[in-house]
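All remarks here apply to the structure that follows.
What follows is the structure, given as structure tokens:
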């Protein structure tokens, strides 16, 4: 059973940075073969895909974060990261990592961007 534990969220001022981590375990196949994604859900809004990393190194981002967010994978630690720079208030949300192929979700980590 896939388990995902997100961490690194918190309160940050506009323009600040955060790095989210997602520790993943319980995969049927080795972690490096999985695509991974970060999504977020803001209050009163639908969950949206923020960043996507393919197993072979391709990255893609939603337009609103491209150039400021970076997704990366550490296949030795089975961990996925989301580095977030120049944060804006609209980034306030609960952030989730997921391996789309499994349909699994973690509990998420809360990010609040506010002065």
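Residue numbers (this note's numbering): 148 to 262. Beta carbons are placed, not taken as given, at the ideal position from N, Cα and C, and that holds for glycine. Fair warning: this is a prediction, and the values are worked out from it, not measured in the lab.
CA-to-CA distance, residue 232 to residue 244, given in whole angstroms: Each residue's alpha carbon lies about 18 Å from the other.
Alpha-carbon to alpha-carbon, residue 227 and residue 162: Near 23 Å, if we compare the C-alpha coordinates of residue 227 and residue 162.
Residue 187 versus residue 175 - alpha carbon distance: The C-alpha of residue 187 lies about 25 Å from the C-alpha of residue 175.
Three-state class that DSSP yields for residue 180 in the structure shown: Note: residue 180 maps to helix in three-state DSSP.
Bounding residues of the beta strand (DSSP E) (the contiguous stretch that carries residue 241): Residue 241 -> beta strand (DSSP E) spans 240-245.
Terminal residues of the beta strand (DSSP E) in which residue 195 lies: Residues 195-200.
Cα-Cα separation, residue 173 to residue 234: Whole-angstrom Cα-Cα distance: 32 Å.
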